[in-house]
Amino acid sequence: MDIREQDRETLRALAGRYMSYAKDAVNDEKQRLWRSLNDGVMQKPMVAIDQIPWNELNVDGCLNCTVTDPYFRRVEWSLRSEIYKREHLPVDMVLNPYVLLPRPVANTGYGLHAEYELPQSRSNSFVSKRYVNQFREPEDVEKIKVPQISIDREAEARILSAAHDIFDGVAPVRMQGIILHLGFWDWIAQWMGVENCYIELMDHPEMMHAVMERLTAATLSAIEQINALGLYDVNCNMCHCSYTFSDSLPAKGCDRENPTSRDGWGFGMAQLFTSVSPQVTAEFEVPYMQRIFPHFGAIYYGCCDRLDDRLDVISRMPNVKKISCSPWSDRENFAANLPDRYVMSNKPSPALLAYASFDEDAVRADLRATIAAAKKHGLRLEMILKDITTVKNDPQRLWRWAEIAEEETLRAAL
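Read left to right, the sequence shown gives residues 1 to 414 (my numbering).
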């Protein structure tokens, strides 16, 4: 890899700034607090912010990437974005004390690609889509193929050589592997369209079971391939925007050069099922995940789906450690019904950042209500602000939200 000297200096400078934060006492303490939460003892409610509207946040050009090599431009973006978050909205974020390098993995996927129509305006980072139904007949299920997983070892060697040349003396480097997204219904919704999924669950349930069966078999094959190649990730310490530091994972004796899915986390969800009964979740999600989740050390379950009305169903799936309490869930009902072996992973509403004016009192009240519900029922709590589509081009709303969250969680720890 031919890296310009100017780009090398840019990356070294960014890595130096990054490591100054990664090695400080604050970062060490945040990691300790996450580790304690994940291992069963909450010191304070923990907070993280992710999936933010970067197109509205570049106030001074600090997010402008200049590196010309495509691979290391991705590394540059990772460093710039992590530094930005630490400087403007840190709450309980943790920086790993090394630079992560994505492994050059190829995945052929399930053989289908979403077909959709877009609205005319595409200025935002997030846009709505209208999906085309690709499963009109039972035989269409055969469109789902087994993913083929591979890694380019020669490319990986070139990446490591270049990375050592760039970062040696400033920052260690580690390769970042695969973390599996097990939310099959996210993919099905994109292959069929949401409305069509609901119709077929009623009219042709046997076809939808066939879709899930085929996806399950294909995914189990993919897991087997990933593990045989030693590609699962144990270095990024995050899963679905949640920090995963723990004394139990990776387990002692883990071969960090060849980790498997049992050494790390995966994440599952069935967001589409917010608008169906818990019985549909029990029939069309649980039996398939019961076959997949045992292959992982831990599972984060849920995203934007409502789950407070079906926690007993979710509890039937093995290895789940954290369950999402989205804005669609009744947080009091969620807390009342969540077994205390799980972490309550609350998602504060990003809508509070998108109104015409920013109401700090509303933000504070929202956070306090969640903290009170978790405390009342003796639960470990994390709050992850994510899926933020806009801050009305006012980055300081997000910065201020972070400050308020820090104040309220420290208050709760007293």
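Cβ atoms here follow ideal geometry from the backbone N, Cα and C, with glycine treated the same way.
Alpha-carbon spacing of residue i relative to residue j, whole angstroms
i: residue 87; j: residue 247; result: 28 angstroms
i: residue 98; j: residue 44; result: 26 angstroms
i: residue 276; j: residue 209; result: 16 angstroms
i: residue 191; j: residue 266; result: 22 angstroms
i: residue 149; j: residue 221; result: 10 angstroms
i: residue 37; j: residue 373; result: 17 angstroms
i: residue 239; j: residue 179; result: 7 angstroms
i: residue 198; j: residue 141; result: 17 angstroms
i: residue 71; j: residue 215; result: 31 angstroms
i: residue 53; j: residue 251; result: 36 angstroms
i: residue 118; j: residue 400; result: 33 angstroms
i: residue 331; j: residue 300; result: 18 angstroms
i: residue 67; j: residue 206; result: 51 angstroms
i: residue 258; j: residue 228; result: 8 angstroms
i: residue 317; j: residue 186; result: 18 angstroms
i: residue 114; j: residue 204; result: 21 angstroms
i: residue 371; j: residue 29; result: 21 angstroms
i: residue 14; j: residue 106; result: 28 angstroms
i: residue 137; j: residue 196; result: 12 angstroms
i: residue 162; j: residue 168; result: 10 angstroms
i: residue 39; j: residue 389; result: 32 angstroms
i: residue 25; j: residue 334; result: 35 angstroms
Cutoff 6 angstroms; reference residue i; Cβ partners in own chain excluding five residues on either side
i: residue 80; result: 63
i: residue 358; result: 397
i: residue 56; result: 391, 393
i: residue 311; result: 337, 338
i: residue 349; result: 327
i: residue 413; result: 44
i: residue 152; result: 104
i: residue 146; result: 218, 221
i: residue 352; result: 362, 363
i: residue 303; result: 269, 271, 324
i: residue 226; result: 149, 178, 232
Residue environment, residue i, which counts as buried when at least 16 other CB atoms sit within 10 Å
i: residue 355; result: exposed
i: residue 32; result: exposed
i: residue 103; result: buried
i: residue 164; result: exposed
i: residue 83; result: buried
i: residue 261; result: buried
i: residue 18; result: buried
i: residue 116; result: exposed
i: residue 46; result: buried
i: residue 154; result: exposed
i: residue 347; result: buried
Nearest candidate by alpha-carbon position, reference residue i, set the options
i: residue 343; options: 41, 131, 190; result: 41
i: residue 132; options: 334, 321, 194; result: 194
i: residue 291; options: 369, 268, 26; result: 268
i: residue 361; options: 18, 310, 403, 307; result: 403
i: residue 306; options: 160, 77, 273; result: 273
i: residue 286; options: 266, 314, 341; result: 314
i: residue 237; options: 365, 176, 9, 381; result: 176
i: residue 365; options: 389, 329, 409; result: 409
i: residue 381; options: 82, 349, 325; result: 325
i: residue 234; options: 296, 224, 278, 206; result: 296
i: residue 386; options: 345, 371, 413; result: 345
i: residue 384; options: 91, 109, 128; result: 91
i: residue 395; options: 16, 19, 170, 59; result: 59
i: residue 245; options: 368, 182, 321, 73; result: 321
i: residue 282; options: 264, 187, 309; result: 309
i: residue 109; options: 76, 181, 300, 400; result: 181
i: residue 74; options: 7, 329, 107; result: 7
i: residue 100; options: 316, 76, 379, 61; result: 76
i: residue 379; options: 256, 341, 369; result: 341
i: residue 368; options: 389, 407, 278, 154; result: 407
i: residue 170; options: 370, 375, 334, 21; result: 21
i: residue 223; options: 293, 279, 161, 256; result: 293
i: residue 16; options: 334, 388, 241, 172; result: 172
i: residue 280; options: 334, 333, 200; result: 200
Same chain only: Cβ atoms within 7 angstroms of residue i, ignoring 5 sequence neighbours per side
i: residue 143; result: 111, 112, 134
i: residue 336; result: 377
i: residue 212; result: 184, 284, 288
i: residue 243; result: 34, 48, 94, 237
i: residue 23; result: 97
i: residue 166; result: 3, 8, 11, 12
i: residue 263; result: 232, 234, 249, 250, 251, 254, 297
Sequence-distant residues of its chain with Cβ nearer than 8 angstroms to residue i (five each side left out)
i: residue 158; result: 1
i: residue 156; result: 103, 104, 175
i: residue 241; result: 48, 50, 51, 384, 386
Any non-hydrogen atom of the ligand FAD closer than 8 angstroms to residue i Cβ
i: residue 256; result: The ligand FAD is not part of this structure, which contains no ligands at all.
Checklist entry - What are the complete beta strand (DSSP E) segments, minimum 3 residues, inside the stretch 275-359? => result Qualifying beta strand (DSSP E) stretches, in chain order: 298-301, 320-325, 343-346.
Item to check | Complete beta strand (DSSP E) runs within the stretch 31-87 (minimum length 3 residues, chain order) | outcome: Considered as a whole, the stretch 31-87 harbours 46-49 as its complete beta strand (DSSP E) runs of no fewer than 3 residues, in chain order.
Item to check | Minimum length 4: unbroken alpha helix (DSSP H) runs contained in the stretch 201-289 | outcome: Here the runs fully enclosed are 205-229, 278-284.
Checklist entry - Which whole runs of the beta strand (DSSP E) in the stretch 366-391 are 3 residues long or more, in chain order? => result Along the stretch 366-391, the beta strand (DSSP E) occurs as fully enclosed runs of 3 or more residues at 380-385, listed in sequence order.
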